[in-house]
Each structure stands twice: as C-alpha cells, then as structure tokens.
Amino acid sequence: MIKRLDRTDVLDLCLGATVLGTGGGGSPELGLFLLNRLLDMGKEIRLISVEEVPDDRIVIHPAMVGSIAPSKDKAMEREEYAERILSEEGPLLSGLRIMEKELLERVYATVPVEIGGYNTPVAAILGALANLPFVDGDTIGRAKPELMMQTYTVLNIPITPMILTDMNGNSILVKKVGSFKDAEKIARAMAVIGGGTTAVRCPVEGKRLKKALIPGGVSKAIEIGKALREAEQIGKDPVSAVIQASGGKEFFRGEVSRFEWEDREGFLWGTLTVCGEERFKGHELKIWMKNENLISWLDGSPYVVSPDLICVLDSHTGKPITNSKMEEGRKIVIFAVPSHPFWRSPEAIDLVSPKHFGFDIHYIPMEEVIRPF
809 MIKRLDRTDV LDLCLGATVL GTGGGGSPEL GLFLLNRLLD MGKEIRLISV
859 EEVPDDRIVI HPAMVGSIAP SKDKAMEREE YAERILSEEG PLLSGLRIME
909 KELLERVYAT VPVEIGGYNT PVAAILGALA NLPFVDGDTI GRAKPELMMQ
959 TYTVLNIPIT PMILTDMNGN SILVKKVGSF KDAEKIARAM AVIGGGTTAV
1009 RCPVEGKRLK KALIPGGVSK AIEIGKALRE AEQIGKDPVS AVIQASGGKE
1059 FFRGEVSRFE WEDREGFLWG TLTVCGEERF KGHELKIWMK NENLISWLDG
1109 SPYVVSPDLI CVLDSHTGKP ITNSKMEEGR KIVIFAVPSH PFWRSPEAID
1159 LVSPKHFGFD IHYIPMEEVI RPF
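Numbering-wise (my numbering), the sequence shown opens with residue 809 and increments by one.
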C-alpha cells in the first residue's frame, strides 16, 4: 500500500536513516531541508513496498557520491543548492532523463542505494520531482563507502548504464564497465572534479529487484526516528529508545579524546579514539572509518566490525552523529546493530569484512564478540 510521507515522516526518516548510516550516508540536515522544500512545492513523497513493483517494470537507484568531509571551501548556500538540484535541469532529473533515453523505457520507481541521512532522501527527492514512488528497501541495509558494496555485486546485477551528473552541468553516460571497481573509480573521479556527483545507476526489473533488495530499510528508519522524537516529547531516555528501536546493543560510551581524519580520493578517512566512562571507565575504543564506521578495537583488540553496524549517538540527546560533525571532547554512546543475514553468507562476507579494507581481521558476529562490563 502506498504511504504518502508528511513533514513528521520525513523528519523521522532523516533521523533514523542517519542512525543506520553509521557515521556516513550524507547530511541529514540537507536531506530534510530538500524534502520539506518538495512538500512546500506541493510534491508528493510516496513510499511503496518492493512487492508493489511490477515484475516487468524498471527501477533505478540514484545517489550522491563523494567524501562526507567538511568542505575546505565556502559551502554552496543551502537555498542556492536547493534551487539547482530541484530544478528541471538539475543533476537528478537530468540523470533520469538520460537513463530513460538510454533504456528507451519509462522508469517505474526509484530505490535507495543505502540507508543514510542524505542518500535515502535522494531516492525520495528524485521520485517526488518525477512523480514516481520510491521503494522501501536498499541494497545493503546500512550506509556504505563504496559503490560495489551492494547485493547486486554478489548477484551479478550490472551497475550500468550509470549516469553521472554534477552541479556544474557535467554529465557522463557510462554504458559498460570492466568491473564494479572500475565503476567506483570513474564515479569517484567525477566526484573529485565536481565536488560530488549524482549517480543514477543499476536499472533493474521488478522481478530481479524482489530477489536482490534488502527490504524494509526506509520504514525501519522512520520507526527509529519516531522513537527518538517521541522519547524527546515525553522525557524518556532518547539513547535507550533509539537503541531499542534499532534492534541494537550498546557496547561502549565515553568521551572522544582524539579524532584524526583526512579528505582523500573522495572519502573521509579517519580514526576515532574514545575514553570510556561509567561502566566502561578504564577502557579505550578506537573506530576506523572510510566515510562510515567500519572497524572497532577495544583496548587494542578487534571488536565489532563491518558488516555489522557501528552506530554513534550523542549521549545527552540520543541524536545520531555523522563523522563530518564529529569532534574531540564530545560525549558519545556507541552501539551495534546486526547486519542483514545476506552479508554474513560466505558468498558476500568478503565484500564487506575488514579484509576488504586491507585489515587482517576475521569477521565475528557482534552477538558473539560483545562482552558485558
């Protein structure tokens, strides 16, 4: 059944998607601003289940590609950004038109590539602009740093044709790539040139979509955001509310003592060091990130790692913190959410485990590694 999102829904969506974004996934503030602007314009934001996509109709996957690091240059004013990205000649609608021209077919719906504070709204934004619904699901069940980290890679669903467009008016139609790694390099190069790029990719028929998509991520994000919002309203502990709604487990809390990062190759690379407080006093947690939080060490030993989600909240407000907003001295709570079973399978784990990122660390499910304090 189609669900039409209102202002409360989009607020909840952006909050909850940021929780599941594990430090990445883009700016929830920008995502919320654009969704509210669309509602101001009288546009409808419609959410459908994957089962509502006809087997023979095509869906596409729009997303923003680029580093989440704070810009060294003056950021484009939000109003100007909204005017350009929501315009008929903006990168989202341009990418859709090029895709439909290449496919010789009208697109039925848009699909989030990941769950994150901006990249999930991107699918909703393009859908609303083009009067299309967006689908309740994504290709990984969290946010991810690399294009290839998706179910489609494992299931051999092509990423092409892929349309890359940016705010400077540049557009590239990628008809074929030798590998997902090559697609990643091409998209990242475009992102570096344009300060970020829109990628409209992975056209797939509904029949294959139903076998490949991880369903329910959008509605789960809305439920998490709702839990946080309602906890604030009634004076309930927001941290506990978020963790419970996420199906997660707290595994550390403390103060950020060190945050080292760099913006390189279209990614934010960094290491976060947290000194434990309360029952974690005397312990230290480190988190390695490539846009998203991917690997943690407790007192020097590997702890919770990808593909399980490493989520960070402000310890006072319970609100999720993206890595672009992280800073030393901040009090935080870290909790884990189990990854979708697909990613724990022998066929998929190598694409998302620490070994994929060059670390000689074996993946152990969070349920087995988190110890009581």
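Don't be surprised by glycine CBs; every beta carbon is placed ideally from N, CA and C.
These figures come from a predicted structure and were not determined experimentally.
Query                                                                                                                                                                                 : Result
Have a look at Gly1078, Leu1080 and Leu813 and flag the residue whose alpha-carbon is nearest the alpha-carbon of Phe942.                                                             : Leu813
Which one of Glu1068, Val1012 and Ala1035 has the shortest CA to CA distance from Pro862?                                                                                             : Val1012
Using only the alpha-carbon positions, how far apart do Asp864 and Pro920 sit?                                                                                                        : 19 Å
How do the stretch 1052-1063 and the stretch 944-963 stand: do at least 3 beta-carbon pairs fall below 8 Å, yes or no?                                                                : no
Does the stretch 1014-1023 come into contact with the stretch 1032-1044, if we say contact requires no fewer than three beta-carbon pairs (one atom in each stretch) closer than 8 Å? : no
Please report the straight-line C-alpha distance between Phe1167 and Trp1077, rounded to a whole angstrom.                                                                            : 14 Å
Helix, strand or coil for His1164 per DSSP?                                                                                                                                           : helix
Met1097 to Arg1061, Cα distance in whole Å?                                                                                                                                           : 18 Å
Does Glu1031 come out as helix, strand or coil in the three-state DSSP assignment?                                                                                                    : helix
Nearest-angstrom Cα distance between Thr1081 and Val1064?                                                                                                                             : 6 Å
At 3 residues or longer, what runs of the beta strand (DSSP E) sit wholly inside the stretch 826-902?                                                                                 : 854-856 and 866-873
So does Ala1039 have its beta carbon nearer than 7 Å to some heavy atom of the ligand NAP?                                                                                            : Ligands displayed in this structure: none; no statement on the ligand NAP is therefore possible.
Would you mind reading off the limits of the beta strand (DSSP E) that contains Glu1175?                                                                                              : No beta strand (DSSP E) holds Glu1175; the alpha helix (DSSP H) holding it covers Met1174 to Val1177.
Express the C-alpha separation of Asn1101 and Ile1118 in angstroms, rounding to a whole number.                                                                                       : 6 Å
Here's the rule I'm using: 16 or more other beta-carbon atoms within 10 Å means buried, otherwise exposed. How should Pro836 be labelled?                                             : buried
For my contact list, Ile923 and Gly898 are in at a C-beta cut-off of 8 Å; report their separation, rounded to the angstrom.                                                           : So it is not a contact: roughly 24 Å between Cβ atoms.
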